[in-house]
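In this note's numbering, the protein residues as written are 7 to 369.
Printed below as a string of C-alpha cells:
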C-alpha cells in the first residue's frame with residue numbers, strides 16, 4: 007500500500023505571530039487616528055477632503071503601477087498605499103489645493119516607491135520625498151497655513167480644495183500666518199531676542215494640546231506621543247530611533263540655549279514644535295528606509311537629531327524633520343554595512359573568508 011502523502015513545502019519561518027505587512031500597516035494607521043482626527047477637528051472639512059484625496063490618489067497611483075507592471079491587484083490590500091497617502095496628508099498644510107494632494111500622492115507612489123521596485127525596495131521614505139518635492143515645486147501653498155476653527159461649510163471647503171482660498175477667509179492673516187518655527191526664525195533674523203519671543207508666543211500647554219498653526223501632524227504633541235506609545239506597545243517599532251533622535255535634539259538644544267538663551271531655542275520648543283514627534287515615531291522608524299541593527303538605529307536617530315537641529319538653527323528652512331530623515335535614509339545602506347554583526351567564517355559583506363592552513367614547522 008502506498009502510504010506516501012503529498013506535502014506542501016513552504017519556506018521558513020513555519021511558526022510566526024502573523025505580523026504581516028497588512029497588520030503592521032493597520033496598526034500604524036490606528037496610531038495616526040488621534041492626531042489626524044484632531045487635525046480635522048481644528049481645520050474642518052477642507053482638511054478631511056484633502057486627507058481623503060491623498061489616500062484615494064495614492065491608491066489610484068498604486069493600482070496604475072500594478073496594472074502597468076502586470077502585478078496582481080490584490081497587493082492594494084496590503085495597506086502600504088493607504089499609509090503612504092495618509093502620512094503625506096498629515097505633513098501638508100490642511101487647506102492644500104487638490105493638485106498638491108494628487109500630485110504629491112502620485113509622486114510618493116510612483117517615484118518614491120514603485121520606481122525602486124515596489125514595497126520594501128525604496129531607499130527614501132516616499133511620503134517625505136513627496137513632501138520635499140512639493141515644497142520645491144509649490145512653495146506658496148506649502149507654506150500657507152490656516153488658523154484653527156474657521157469652520158468653512160461644504161461648499162466653501164470644495165472651493166478651498168479647488169484653490170479658491172482667498173475669497174473665503176475673514177482676514178489675510180487667517181490664511182498666511184506663520185508657524186512657531188517660521189515665526190521664530192524670522193524674528194531672529196530681524197535681530198530679535200529668543201527669550202522675549204518665547205515669552206510672548208510659545209506656550210507649552212498649547213503645544214501639548216495642539217491648538218496652533220501647522221499640518222495635522224504638527225498640531226498636538228500629546229496625541230503624537232500617544233500614537234508613538236501605541237506603536238511601541240504593539241512592538242511595531244523599537245525605542246532606539248525615537249529616543250536617540252529626540253535625545254540628540256534635546257542635548258544640542260540644552261547646550262546651546264544654556265550658553266546663549268537670547269539666540270537659541272530651549273529644549274521644549276524644539277521637541278514640541280513642528281513635526282519632530284510625528285517624525286521620530288512614524289517616519290524615521292520606517293522599516294525599509296532605516297537600519298536593521300540596533301546600533302545602526304541609534305546612529306541613524308542621532309544623525310537625524312543632529313541634522314534637524316542644525317538646519318533649524320542655521321539653515322534656510324524653519325522646519326527640518328523631512329530633510330534630516332531623508333538625508334539619513336541615504337546613509338542607511340552604509341550604516342547597515344558598517345554595523346552588521348559578523349557571521350563566523352564570513353566578513354561584514356557576507357563573503358566567505360578563505361581559510362589558509364598554517365604550515366607545520368619543520369624541525
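Idealized CB from N, CA, C, for every residue including glycine.
**Request:** Please report the residue range of the alpha helix (DSSP H) in which residue 90 lies.
**Result:** 86-95
Practice task
May I ask which residues mark the beginning and end of the alpha helix (DSSP H) holding residue 145?
Solution key: 145-148
*Nearest-angstrom Cα distance between residue 284 and residue 309?*
17 Å
Does DSSP put residue 335 in a helix, a strand or coil?
helix
What's the C-alpha gap between residue 243 and residue 323? 29 Å
TODO: Compare the beta carbon distance of residue 100 and residue 144 with 8 Å and say whether it is the shorter of the two.
DONE: no
Is the CB-CB distance between residue 337 and residue 326 below 8 Å? no
Next on the checklist: Does any residue of chain B have a CB that is nearer than 8 Å to the CB of residue 292?
Outcome noted: No chain B appears in this structure, which consists of one protein chain only.
Exercise. How is residue 242 classed by DSSP in three states: helix, strand or coil?
Worked result: coil
Open item on the list: Buried or exposed for residue 293, going by 16 or more other Cβ atoms inside 10 Å?
Closed with: exposed
Inset, instruction - Determine the extent of the alpha helix (DSSP H) in which residue 108 is found, giving its start and end residues. - result: 104-112
By the 10 Å Cβ neighbour count, where 16 or more other Cβ atoms means buried, how is residue 76 classified, buried or exposed? exposed
Practice prompt. Work out the CA separation of residue 340 and residue 119 for me, nearest whole Å.
Written response: 20 Å
Apply the 10 Å Cβ neighbour rule to residue 26 and answer buried if 16 or more other Cβ atoms are within range, or exposed otherwise. exposed
Q) Over what stretch of residues does the alpha helix (DSSP H) that includes residue 200 continue unbroken? A) 200-207
- Message: If contact is defined by three or more beta carbon pairs under 8 Å, each pair taking one atom from either stretch, is the segment 233-247 in contact with the segment 293-306?
- Response: yes
For residue 318, report the span of its alpha helix (DSSP H) as first-last. 300-320
| message | Give me, in chain order, the residues of the same chain whose beta-carbon lies closer than 7 Å to that of residue 157; leave out the 5 immediate sequence neighbours on both sides. | response | 50
| request: Determine the contact status of residue 250 and residue 311, defining contact as a CB-CB distance below 8 Å. | output: yes
Quick one: what's got a C-beta closer than 8 Å to residue 28's C-beta in the same chain, skipping five residues either side? 83, 84, 85
- request: Report all residues from its chain with a CB closer than 7 Å to the CB of residue 52; omit the five preceding and five following residues, and keep chain order.
  value: 100, 101, 158, 163, 166, 167
Would you identify the three-state DSSP class for residue 159, choosing helix, strand or coil? coil
key: Burial state of residue 268 (16 or more Cβ within 10 Å)   = exposed
Exercise for review: Return yes when the Cβ of residue 229 is within less than 8 Å of the Cβ of residue 41, no when it is not.
Suggested key: yes
| How big is the Cα-Cα spacing for residue 14 and residue 72? | Note that residue 14 scores a pLDDT of 47, beneath 50, so its modelled location is shaky; the value from the coordinates is reported in the next line. Cα-Cα distance, rounded: 29 Å.
Practice item. Using alpha carbons as the reference points, say which of 212, 259, 296 lies closest to residue 343. Key: 296
TODO: Along the alpha helix (DSSP H) that carries residue 43, what are the first and last residues, could you check?
DONE: 27-49
With 16 other Cβ atoms within 10 Å as the buried cut-off, status of residue 412: This structure cannot speak to residue 412, because the chain is shown only from 7 to 369.
- prompt: Does DSSP put residue 139 in a helix, in a strand, or in coil?
  reply: helix
request  = Please go through the same chain and pick out, in chain order, the residues whose beta-carbon is closer than 7 Å to the beta-carbon of residue 139, but skip the five residues on each side of it.
outcome  = 113
Handout entry: Limits of the unbroken alpha helix (DSSP H) element including residue 326
Key = Premise fails: residue 326 is in no alpha helix (DSSP H) and is neither H nor E.
| query | Rounded to a whole number of angstroms, what is the C-alpha to C-alpha distance between residue 142 and residue 330? | reply | 16 Å
Residue 445 in three-state terms, based on DSSP | The chain is shown only over 7 to 369; residue 445 falls outside these bounds and no answer can be derived.
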